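Colleague:
In this note's numbering, the protein residues as written are 19 to 270.
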């Protein structure tokens, strides 16, 4: 079991929060509270603000209005694979060590105890035997496992996942589902952007539906109504039981 820092009752709270770039709003009117040990899925079409919200939690985009109450020193983050430079000559182990930079600084020493934490994190995701492999030479699923290990190595209280299941093989998908369940049981909260309703159903107590602003937030069966889905996606909506929302554009 991963040691977790002293728990706050709520991992993150938004009050009338808005985010944007160069003072231009991209996502507005966010109001929600995510308790410790629970997971929330961010759903919505491309460009709806899912990644912007994750980056807003990190403090990486401009908060234009409202309040975000979160401990930014205790967040683990798994970015989209498209955000990665695969040519950078770094091993899988060194990528995981980067998750400790808040503790030791960019040029700080990773001592024996912290190296053990790096090894433990890699073992947890089934990548200890690939620790010395170059990150860019790993498969997509293997890279995702390493990034999850990096997010967990500092024992965060909140983990952010940006489209974590895109392009994953089935074993890695099952592993990630198991890890999400495990870390929730340890009191760690999870926020995941996704287009995958199966992920939301299997792992998340809450759903936030976005379309440049917050349309609804709460339990999945209360949020994913036909009316809310039409507001988000702007068309006729078919919600499948085990897969993504599929859409038919409105014709004039």
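In this text, a Cβ means the ideal position worked out from N, Cα and C, and glycines have one as well. This one's a predicted model, so the numbers in the text were calculated from it and none came from an experiment.
Helix or strand or just coil, what does DSSP make of residue 71?
Modeller: helix
Colleague: Checking the sheet assignment: what are the DSSP bridge partners for residue 108?
Modeller: Answer by DSSP bridge pairing: none, since residue 108 is not bridged.
Colleague: Would you check if the stretch 180 to 194 and the stretch 36 to 43 touch, i.e. whether three or more CB-CB distances between them fall below 8 Å?
Modeller: Counting Cβ pairs under 8 Å, fewer than three are found: no touch.
Colleague: Would you mind giving the Cβ-Cβ distance between residue 49 and residue 232, rounded to the nearest angstrom? I have them listed as a contact below 8 Å.
Modeller: 7 Å
Colleague: Quick check: residue 168 and residue 117, are their CB atoms within less than 7 Å of each other?
Modeller: yes
Colleague: Between residue 83 and residue 36, how many whole angstroms is the CB-CB distance? I'm expecting something under 8 Å.
Modeller: 4 Å
Colleague: Comparing C-alpha positions only, which one of 119, 153 and 141 sits nearest to residue 14?
Modeller: Past the edges of the chain, shown from 19 to 270, lies residue 14, and the structure says nothing about it.
Colleague: Quick check: the stretch 86 to 101 against the stretch 164 to 178, are at least 3 beta-carbon pairs closer than 8 Å?
Modeller: yes
Colleague: Look at the Cβ atom of residue 171, then the Cβ atom of residue 114, and state whether they are nearer than 7 Å.
Modeller: yes
Colleague: Nearest to residue 29 by alpha carbon, out of 69, 120, 86 and 67?
Modeller: 86
Colleague: Report the three-state DSSP secondary structure of residue 189 (helix, strand or coil).
Modeller: helix
Colleague: Quick check on the burial criterion: 16 or more other C-beta atoms within 10 angstroms. Buried or exposed for residue 67?
Modeller: buried
Colleague: Quick one: give me the first and last residue of the beta strand (DSSP E) that residue 84 is part of.
Modeller: Going by DSSP, residue 84 is part of the beta strand (DSSP E) stretching over 80 to 88.
Colleague: How would you call residue 150, buried or exposed, if buried means at least 16 neighbouring beta carbons within 10 angstroms?
Modeller: Of the other Cβ atoms in all chains shown, fewer than 16 fall within 10 Å of the Cβ of residue 150; this residue is therefore exposed.
Colleague: According to DSSP, is residue 128 part of a helix, a strand, or is it coil?
Modeller: Reduced to three states, the DSSP call for residue 128 is coil.
Colleague: Taking the alpha helix (DSSP H) that residue 289 belongs to, which residues open and close that run?
Modeller: Because the chain is modelled from 19 through 270, residue 289 falls outside the range shown and cannot be assessed.
Colleague: So which of 155, 120, 121 and 165 has the shortest CA-CA distance to residue 140?
Modeller: 165
Colleague: Looking at chain D, is there any beta carbon in it that lies within less than 7 Å of the beta carbon of residue 134?
Modeller: Looking for chain D here will not work: only one protein chain is present.
Colleague: Sort 234, 250, 210 and 216 by Cα distance to residue 75 and report the nearest one.
Modeller: 210
Colleague: Which one or two residues does DSSP pair with residue 180 in a beta bridge?
Modeller: Answer by DSSP bridge pairing, in chain order: 211.
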